[in-house]
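Visitor: Taken in sequence, the protein lines are chains L and X.
Its first residue numbered 1, the first sequence is counted upward by one per residue in the numbering used here.
Its first residue numbered 281, the second sequence is counted upward by one per residue in the numbering used here.
Attaching a single structure in structure tokens format; questions to follow.
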Amino acid sequence: MFKILAKKILASGIKLFEIEAPLVARKALPGQFIVLKIDEYGERIPLTIYEYTRDKGTISIIFQEVGKSTMQLGTLNEGDCLSDIIGPLGCPTKIEKVGRVVTIGGGVGTAVIYPITRSLKEANNRVTSIIGARTRELLILKEEMEKASDELFITTDDGSYGRHGLVTDELKRLIDEGEKIDLIFAIGPVIMMKAVSNLAKQYNLKTMVSLNSIMVDGTGMCGCCRVTVKGRTKFVCVDGPDFEAEGVDFDELMNRQRIYLNEERLSIERYRERECRRNG
Amino acid sequence: MAKIIKEKTPIPEQDPKIRRQNFNEVALGYSEEDALREASRCLGCKDSPCLAGCPVEIDIPAFISLIKERDYLGAVRKIKEKNALPAICGRVCPQETQCEQYCTLGKRFEPVAIGRLERFVADYEMVNTKDLQPITCSSPNGKSIAVVGSGPAGLTAAADLAKLDYKVTIFEALHKTGGVLVYGIPEFRLPKAIVEQEVEFVKRLGVELKLSVVIGRTLTIDDLFSEGYDAIFVGVGAGLPHFMDIPGENLNGVYSANEYLTRVNLMKAYLFPEYDTPIKKGKRVAVVGGGNVAMDAARTALRLGADQVFIIYRRSQVEMPARREEVHHAEEEGIEFKTLTNPTRIIGDKQGWVKEIECIRMELGEPDDSGRRRPIPIEGSLFKIEVDIVVMAIGNGANPLLTSATPDMAINKWGYIITDDEGRTTKKGVYAGGDIVTGSATVISAMGAGKRAVRAIHKDLTE
Numbered sequence: 001m002f003k004i005l006a007k008k009i010l011a012s013g014i015k016l017f018e019i020e021a022p023l024v025a026r027k028a029l030p031g032q033f034i035v036l037k038i039d040e041y042g043e044r045i046p047l048t049i050y051e052y053t054r055d056k057g058t059i060s061i062i063f064q065e066v067g068k069s070t071m072q073l074g075t076l077n078e079g080d081c082l083s084d085i086i087g088p089l090g091c092p093t094k095i096e097k098v099g100r101v102v103t104i105g106g107g108v109g110t111a112v113i114y115p116i117t118r119s120l121k122e123a124n125n126r127v128t129s130i131i132g133a134r135t136r137e138l139l140i141l142k143e144e145m146e147k148a149s150d151e152l153f154i155t156t157d158d159g160s161y162g163r164h165g166l167v168t169d170e171l172k173r174l175i176d177e178g179e180k181i182d183l184i185f186a187i188g189p190v191i192m193m194k195a196v197s198n199l200a201k202q203y204n205l206k207t208m209v210s211l212n213s214i215m216v217d218g219t220g221m222c223g224c225c226r227v228t229v230k231g232r233t234k235f236v237c238v239d240g241p242d243f244e245a246e247g248v249d250f251d252e253l254m255n256r257q258r259i260y261l262n263e264e265r266l267s268i269e270r271y272r273e274r275e276c277r278r279n280g
Numbered sequence: 281m282a283k284i285i286k287e288k289t290p291i292p293e294q295d296p297k298i299r300r301q302n303f304n305e306v307a308l309g310y311s312e313e314d315a316l317r318e319a320s321r322c323l324g325c326k327d328s329p330c331l332a333g334c335p336v337e338i339d340i341p342a343f344i345s346l347i348k349e350r351d352y353l354g355a356v357r358k359i360k361e362k363n364a365l366p367a368i369c370g371r372v373c374p375q376e377t378q379c380e381q382y383c384t385l386g387k388r389f390e391p392v393a394i395g396r397l398e399r400f401v402a403d404y405e406m407v408n409t410k411d412l413q414p415i416t417c418s419s420p421n422g423k424s425i426a427v428v429g430s431g432p433a434g435l436t437a438a439a440d441l442a443k444l445d446y447k448v449t450i451f452e453a454l455h456k457t458g459g460v461l462v463y464g465i466p467e468f469r470l471p472k473a474i475v476e477q478e479v480e481f482v483k484r485l486g487v488e489l490k491l492s493v494v495i496g497r498t499l500t501i502d503d504l505f506s507e508g509y510d511a512i513f514v515g516v517g518a519g520l521p522h523f524m525d526i527p528g529e530n531l532n533g534v535y536s537a538n539e540y541l542t543r544v545n546l547m548k549a550y551l552f553p554e555y556d557t558p559i560k561k562g563k564r565v566a567v568v569g570g571g572n573v574a575m576d577a578a579r580t581a582l583r584l585g586a587d588q589v590f591i592i593y594r595r596s597q598v599e600m601p602a603r604r605e606e607v608h609h610a611e612e613e614g615i616e617f618k619t620l621t622n623p624t625r626i627i628g629d630k631q632g633w634v635k636e637i638e639c640i641r642m643e644l645g646e647p648d649d650s651g652r653r654r655p656i657p658i659e660g661s662l663f664k665i666e667v668d669i670v671v672m673a674i675g676n677g678a679n680p681l682l683t684s685a686t687p688d689m690a691i692n693k694w695g696y697i698i699t700d701d702e703g704r705t706t707k708k709g710v711y712a713g714g715d716i717v718t719g720s721a722t723v724i725s726a727m728g729a730g731k732r733a734v735r736a737i738h739k740d741l742t743e
């Protein structure tokens, strides 16, 4: 059993857990993820490791309540236990000094870009970050990202905070300013990663993305997470999660993320009904 | 002398029309009367040819003779001297190509149903033994062994090591013990409660289990050595699903058999939404492949509510690697066999869901490397089958998770671990067996490999 040591609400429906998982903490590196299972009935869900503290033996995860499992996860509190945490899984992000890097986090993807941003800066890159959210209330990790990068720009879709627009608008501005960009790292909704990739391609800029496909085991055994990269099938769980954006079939990925939409809806309805009944 | 009964005592089964709608076990097992009748068929040959066919060296005539004496617990104890998993083996071993193939009776009549008798006594013990005390070893020998993977190879190695007084710890990547026995083989062929009880027996021998630990990620082989283990047995299975590399394989509705079966068996998606893991329930399902896994996937699809399920296989039924019994069960349940047929592409609708599978008819040419006649496409014979789910059950390759984290342990060009005949890898103190050495094979051959490796471990650590 894996105990939740701390819980923090970062925004409406976005929560952070610090969890006791000494073996995972000992090996974790930026870019890696865990597979988590809440209880006997739970599904196995992949979540990126946000932070790890080796000497304390803890890892932190950030999740958005989008489906039944994450909603249920959100109801847990400090002292509660999760039945399983498996990891660290996936290949760690390749962190090296390349010069100037732009890291981009969209929505809860900011939680994934944060450890990468920090490591890139620690590796003596000049790091410019862009984080975006639909609206001010959903913006997370502003201070952390400020600390982790040399400069930070913020966008909101509705203009309630920072620049009114999308992260790609801000990226376009940086490109147009003319200072050389050696690498872009973009993590967020697939549609955002696709937009960044398309924009970067026009300027011949290399972009890395971290993909978030549906998984079951997370160890290469089931192939559920497969994605087409440069015409070849790759498994996100073992070949990734990081891939060079150019060549990723984002449309296929988006489509595959929709496989269980109907089941997810059913599951949420049933969960809400039961919660209602339980809470009177 | 009593007249010889020429045929095996039939094993009662669920009616095909009923069982295709439930996940309960198909074969119901012998009654005491059935078992006594079947045991009476054993000639008790002096040279016991059946022994040569058992990879885990069970004293077959001895246990059958105990059944004749109605000492069923004695019979199961006799089996467990060699095999910790009799209820599993009695259900899933291909006895027809092993012990039963060598049965003297089988030369003229049907062989003794050794597997069914093994199952009978194992089940008898589960029902009639309440005493679940630990079976502690006489005195620990002071050495500890790590077993990586809790499938048939790992469980067998662990049990044998514990019997030799080693302190054994199994590391399992998944959240449940049993490997392919829990994620792969369906409930209707091997109930998970049976696996749990046999795992319980292995635990009673003093074996410790650590779940959700991925060796190669959470810990490496060298980490295990630094934790003080004297030797390590690797039995992680093959575990990397093959696809055909044809267009349309990443459409929504295409599964690997591993994913399809894992969702249903390990994650209990057939009980969704009571369990959280979903699965797509197709109306028309195509399963590509001709092995036991293909049969399992097809019969699972039927039980999930499909109207029509097709097995698509490129050779003819004679060449199918699946057990006859499983093919027969599948046929009884109404699975349609499209043999001498090979998929060429999967066609999707506008929303990216599977709509049709395009196939080409095949004919058999000269024998290939496997000794089976090579299937050759017949030009101009393309046709389409309307389906909404496709399951690829064409085998597994070597999962590189552990081997890539252990670069000083040699693998062959397909990624399988290289060992000597006794299971020693090229890395000192590391042994391996099962599918990660041989490629996809059977439960019992993995168990045999586990047993062989234990002998090598014991030899190397005591000499």
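Just so you know, even glycine gets a beta-carbon here, dropped at the ideal spot from N, CA and C.
For clarity, every value in this text was computed on a predicted model and none was experimentally measured.
Between X/Ala609 and chain L, is the shortest Cβ-Cβ distance under 9 Å, so that the two count as touching?
Guide: The sequence given here has His at residue 609 of chain X, not Ala. Chain L, which has no Cβ nearer than 9 Å to the Cβ of X/His609, makes this no.
Visitor: So is L/Gln32 buried or exposed if we call it buried at 16+ other beta carbons inside 10 Å?
Guide: The residue is buried, with at least 16 neighbouring Cβ atoms inside 10 Å.
Visitor: Suppose contacts are defined by Cβ-Cβ distances below 9 Å. Is X/Leu584 in contact with X/Tyr550 by that definition?
Guide: For X/Leu584 and X/Tyr550, yes; Cβs fall inside 9 Å.
Visitor: Which whole-angstrom value is the C-beta distance of L/Val24 and X/Thr686, which I expect to be below 8 Å?
Guide: With a Cβ gap of about 20 Å, L/Val24 and X/Thr686 do not count as contacting.
Visitor: Let me check one thing: in DSSP terms, what residues is X/Pro471 bridge-paired to?
Guide: DSSP lists no partner for X/Pro471.
Visitor: Output yes if chain L places a C-beta closer than 9 Å to the C-beta of X/Tyr555; else output no.
Guide: At least one chain L Cβ lies under 9 Å of X/Tyr555.
Visitor: Starting from X/Ala581, follow the alpha helix (DSSP H) in both directions and report where the run begins and ends.
Guide: Looking at the DSSP string, the run of the alpha helix (DSSP H) that includes X/Ala581 is Asn572 to Arg583.
Visitor: Measure the C-alpha to C-alpha separation of L/Lys15 and X/Tyr540 and round it to an integer number of angstroms.
Guide: So the alpha carbons of these two residues sit roughly 32 Å apart.
Visitor: Just the C-alpha distance for X/Ile615 and X/Ile674, rounded to the nearest angstrom, thanks.
Guide: Cα to Cα, X/Ile615 sits roughly 18 Å from X/Ile674.
Visitor: Could you check whether X/Val462 and X/Ala402 sit closer than 9 Å to each other, using their CB atoms as the reference points?
Guide: No. Outside cutoff.
Visitor: With a cut-off of 9 Å, does the C-beta of L/Gly42 fall near any C-beta of chain X?
Guide: Yes - at least one Cβ of chain X is within 9 Å of the one on L/Gly42.
Visitor: Cα separation between X/Ala307 and X/Pro296?
Guide: Cα to Cα, the separation comes out at about 11 Å.
Visitor: If I follow the unbroken alpha helix (DSSP H) through X/Val493, where does it start and stop?
Guide: Per DSSP, X/Val493 belongs to no alpha helix (DSSP H) and is neither H nor E.
Visitor: What residue from X/Gly730, X/Asp688 and X/Ile737 has the CA that sits closest to X/Gly709's CA?
Guide: For X/Gly709, the nearest C-alpha among the options comes from X/Ile737.
Visitor: Hey, does L/Glu252 have any beta-carbon neighbour from chain X nearer than 9 Å?
Guide: It does: the Cβ of L/Glu252 has a partner Cβ on chain X nearer than 9 Å.
Visitor: Along the beta strand (DSSP E) that carries L/Asn198, what are the first and last residues, could you check?
Guide: Unbroken run through L/Asn198 is the alpha helix (DSSP H), Val190 to Gln202; no beta strand (DSSP E).
Visitor: So the candidates are L/Leu10, L/Ala111 and L/Ala21; which of them puts its Cα closest to the Cα of L/Tyr88?
Guide: The sequence given here has Pro at residue 88 of chain L, not Tyr. Minimum Cα distance to L/Pro88 is reached at L/Ala21.
Visitor: Assign X/Gln378 to one of three DSSP states: helix, strand, or coil.
Guide: DSSP places X/Gln378 in coil when its eight states are reduced to three.
Visitor: Does the beta carbon of L/Pro88 come closer than 9 Å to any beta carbon on chain X?
Guide: Output row for L/Pro88: interface = yes.
Visitor: Pull the bridge partners of L/Asp242 from the DSSP assignment, please.
Guide: Per DSSP, L/Ser210.
Visitor: For a contact meaning CB atoms closer than 8 Å, what does X/Asn545 contact in chain L?
Guide: By Cβ distance, chain L contributes nothing, its closest Cβ being about 11 Å from X/Asn545, past 8 Å.
Visitor: Express the C-alpha separation of L/Leu47 and X/Ile495 in angstroms, rounding to a whole number.
Guide: Going from the Cα of X/Ile495 to the Cα of L/Leu47 covers about 20 Å.
Visitor: To the nearest angstrom, how far is the alpha carbon of X/Ile284 from that of X/Ser684?
Guide: Distance between the alpha carbons of X/Ile284 and X/Ser684: 57 Å.
Visitor: When the Cα atoms are used, what is the spatial distance from X/Lys472 to X/Met406?
Guide: Spanning the two alpha carbons is a distance of roughly 14 Å.
Visitor: Return the first residue and the last residue of the beta strand (DSSP E) that L/Thr155 is part of.
Guide: Run containing L/Thr155: Glu151 to Thr156, per the beta strand (DSSP E) assignment.
Visitor: From this set, X/Lys483, X/Ser424, X/Val427 and X/Ile425, which residue's C-alpha is nearest X/Ile415's C-alpha?
Guide: It is X/Lys483.
Visitor: Whose C-beta lies closer than 8 Å to the C-beta of X/Glu605 among residues of the same chain, with five residues either side of it excluded?
Guide: Correct list, in chain order: Glu376.
Visitor: Is the stretch 106-115 of chain L touching the stretch 186-199 of chain L, taking contact as three or more C-beta pairs under 8 Å?
Guide: Yes, since at least three Cβ pairs between the stretch 106-115 of chain L and the stretch 186-199 of chain L fall closer than 8 Å, the two stretches touch.
Visitor: Looking at the secondary structure, which residues open and close the alpha helix (DSSP H) in which X/Glu611 lies?
Guide: Its alpha helix (DSSP H) spans residues Arg604 to Glu613.
Visitor: Taking DSSP as the reference, what is the three-state secondary structure of L/Arg44?
Guide: Three-state result, L/Arg44: coil.
Visitor: Short check: CB of X/Pro366 to CB of X/Arg399, under 9 Å?
Guide: Yes, the Cβ-Cβ distance between X/Pro366 and X/Arg399 is below 9 Å.
Visitor: Mind checking who X/Trp633 pairs with in its DSSP beta bridge?
Guide: In DSSP, X/Trp633 forms a bridge with X/Asn532.
Visitor: Counting only beta-carbon atoms, is L/Asp242 nearer than 9 Å to chain X?
Guide: Not an interface residue.
Visitor: Considering only the beta carbon of each residue, do L/Ile86 and L/Ile154 sit closer than 9 Å?
Guide: No. Outside cutoff.
Visitor: May I have the straight-line CA-CA distance separating L/Tyr260 from L/Ile214, to the nearest angstrom?
Guide: The straight-line gap from Cα to Cα measures roughly 10 Å.
Visitor: Within 10 angstroms of the Cβ of L/Ala123, are there 16 or more other Cβ atoms? Answer buried if so, exposed if not.
Guide: So L/Ala123 counts as exposed.
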